[in-house]
Amino acid sequence: MLSGCQSMSTQFALIGDNPYEDYNIPKYELMIDDINARAVEWVIHVGDMKSGGSDCSDASLEAIYATNQQFEMPFVVTPGDNDWFDCARESAGGFDRLERLRKLRQIFFSEDPEIGVWRQSDGGSEYVENIMWVKDSVVFGTVHLVGITGQEGGVDVHNDIMAAGVEWLQQIFKEAERVEAKGIFLATQADLFPLTAEPHLLGLLCRGCPKVRPFYELFHDALISQLRNFDKPVVLAVGDTHIFRVDKPLYDEGQLVEHFTRVETFGAEQVHWVRVSVDPKTREVFSFHQEIIPSNRGLKRTKTGFTRDHAAKKEK
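Heads up, the sequence shown is in my numbering, so the first residue is 200 and it goes up one at a time.
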């Protein structure tokens, strides 16, 4: 699945878990410039635009929105826990979670990206952030799932979000069947498989480790159910753990689900992006190319800004 850049029907940028902190903004703006200089049709951000403990004020959220307005192509984002759920933390301002979610929706989801989307809220739901669109015989969709551990409470809120996500997931697959789609591309923040290995090996190395992230079993089971009836390539793009990877972590009753692929974006200190190429004429439909920005490599944070380490200077 991992490949170099090729001429495809559709290419877009996949990013996430950035800029995260203020000190990352110069790197993030360099990434925006890099993406703007490429022939991509849209940008998908998988959420966590800020860190969980950073300021959640209106001004902070509006500043992040303004930064992302620098993209010259349509910008799509699905919320992360850091963007509203973690705003209950004292360091983030001690906000009410649902009030911050309403504010996030007001700032980031008041206008449709110009790619012909429809929203879950079109059917009367409050979930304006869950969207879907079709291009080149492929269905694209975002599903709001936030990454939580349960240690900070809010599991009931998480469950409400996930139930809506399951309903939207079913609608996405239903649309894919209706248009006879060649593939499905899903984007969300939460990584369902933070611990990944062949199931038997995982059991030997880490007895008691869950194969699916706790609190996300409902969505996981719904995904498997849909995949049993749709045998075309399906990609789930996530953020959450800040590890770039393209793999196949999903098993159904011990059998690898071979037409399912996870791609995780770079995150936090690694400010790079993933080019996703979509060609419905190919067997796998989706291919991925990591876009490492040379000027963002080897940059070390200091009290006064950024310096490039010795190894990076020598390589450059």
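C-beta atoms are modelled at their ideal positions from N, C-alpha and C, and glycine is treated no differently. Here the structure is a predicted model, which means the values were calculated and not measured.
Looking only at its chain, what residues have a beta carbon closer than 8 Å to the beta carbon of residue i, apart from the 5 residues adjacent to it on each side?
{"i": "residue 512", "result": "Residue confidence for residue 512 is low, a pLDDT of 40 falling below 50, so the modelled location carries little weight and cannot support an answer."}
{"i": "residue 354", "result": "347 and 414"}
{"i": "residue 369", "result": "421 and 425"}
{"i": "residue 447", "result": "455, 456, 457, 459, 460 and 461"}
{"i": "residue 451", "result": "423, 426 and 427"}
{"i": "residue 238", "result": "210"}
{"i": "residue 378", "result": "333, 336 and 338"}
{"i": "residue 259", "result": "249 and 253"}
Roughly how far, in whole angstroms, is the beta-carbon of residue i from the beta-carbon of residue j, given that I think they are within contact range, below 8 Å?
{"i": "residue 284", "j": "residue 296", "result": "6 Å"}
{"i": "residue 526", "j": "residue 292", "result": "Nothing about residue 526 can be reported from this structure: the residues present for the chain run from 200 to 515 only."}
{"i": "residue 360", "j": "residue 343", "result": "6 Å"}
{"i": "residue 430", "j": "residue 458", "result": "6 Å"}
{"i": "residue 460", "j": "residue 485", "result": "7 Å"}
{"i": "residue 365", "j": "residue 391", "result": "Contact flag wrong, Cβ pair sits at about 13 Å."}
{"i": "residue 436", "j": "residue 243", "result": "7 Å"}
{"i": "residue 438", "j": "residue 279", "result": "7 Å"}
{"i": "residue 495", "j": "residue 303", "result": "Rounded, the Cβ-Cβ distance is 27 Å, inconsistent with contact."}
Could you name the residues that DSSP lists as bridge partners for residue i?
{"i": "residue 476", "result": "210 and 486"}
{"i": "residue 461", "result": "435 and 446"}
{"i": "residue 384", "result": "339 and 434"}
{"i": "residue 222", "result": "Paired residues: none, contrary to the question."}
{"i": "residue 491", "result": "Looking at the DSSP assignment, residue 491 forms no beta bridge with any residue, so it has no partner."}
{"i": "residue 234", "result": "Looking at the DSSP assignment, residue 234 forms no beta bridge with any residue, so it has no partner."}
Quick one: grab the DSSP three-state call for residue i.
{"i": "residue 245", "result": "coil"}
{"i": "residue 318", "result": "strand"}
{"i": "residue 282", "result": "helix"}
{"i": "residue 201", "result": "Because the pLDDT at residue 201 is just 40, under 50, the model does not fix this residue reliably, and the value given afterwards should be weighed accordingly. Looking at residue 201 - three-state DSSP - the assignment turns out to be strand."}
{"i": "residue 348", "result": "coil"}
{"i": "residue 364", "result": "helix"}
{"i": "residue 496", "result": "coil"}
{"i": "residue 509", "result": "Confidence is the limiting factor: at residue 509 the pLDDT is only 38, short of 50, which leaves the residue's position unreliable, though a coordinate-based value still follows. Residue 509 falls in the helix class under three-state DSSP."}
{"i": "residue 306", "result": "helix"}
{"i": "residue 515", "result": "With a pLDDT of 38 at residue 515, under the threshold of 50, the modelled position of this residue cannot be trusted; read the value that follows with caution. Residue state, collapsed to three classes: coil."}
{"i": "residue 373", "result": "helix"}
{"i": "residue 276", "result": "strand"}
{"i": "residue 355", "result": "helix"}
{"i": "residue 425", "result": "helix"}
{"i": "residue 451", "result": "strand"}
{"i": "residue 390", "result": "coil"}
Leaving out five residues on either side along the sequence, give the residues of the same chain with a beta carbon under 7 Å from the beta carbon of residue i.
{"i": "residue 263", "result": "248 and 249"}
{"i": "residue 209", "result": "240, 334, 335 and 477"}
{"i": "residue 254", "result": "291 and 292"}
{"i": "residue 257", "result": "302"}
{"i": "residue 417", "result": "361 and 365"}
By Cβ distance, which residues of its chain are closer than 6 Å to residue i, with the 5 residues on each side in sequence left out?
{"i": "residue 419", "result": "391 and 411"}
{"i": "residue 340", "result": "331, 371 and 385"}
{"i": "residue 542", "result": "With the chain represented from 200 up to 515, any question about residue 542 goes unanswered, as that position is not in the structure."}
{"i": "residue 225", "result": "none"}
{"i": "residue 374", "result": "338"}
{"i": "residue 440", "result": "390 and 393"}
{"i": "residue 517", "result": "Any property of residue 517 remains undetermined from this structure, which presents the chain solely from 200 to 515."}
{"i": "residue 357", "result": "347"}
{"i": "residue 382", "result": "337, 431, 432 and 484"}
{"i": "residue 363", "result": "326"}
Indicate whether the contact test is met: 3 or more Cβ pairs, each with one atom in the stretch 234–241 and one in the stretch 265–280, closer than 8 Å.
-> Short answer: they touch.
Would you call the stretch 311–318 and the stretch 376–392 touching, i.e. three or more CB-CB distances under 8 Å?
-> Here the stretch 311–318 does not lie against the stretch 376–392, with fewer than 3 beta-carbon pairs under 8 Å apart.
Three or more C-beta pairs closer than 8 Å, one from the stretch 329–337 and one from the stretch 386–405: is that the case here?
-> By the Cβ rule, the stretch 329–337 does not count as touching the stretch 386–405, because fewer than three pairs are nearer than 8 Å.
Do three or more CB pairs link the stretch 466–475 to the stretch 487–497 at distances below 8 Å?
-> Cβ pair count under 8 Å is three or more, so yes.
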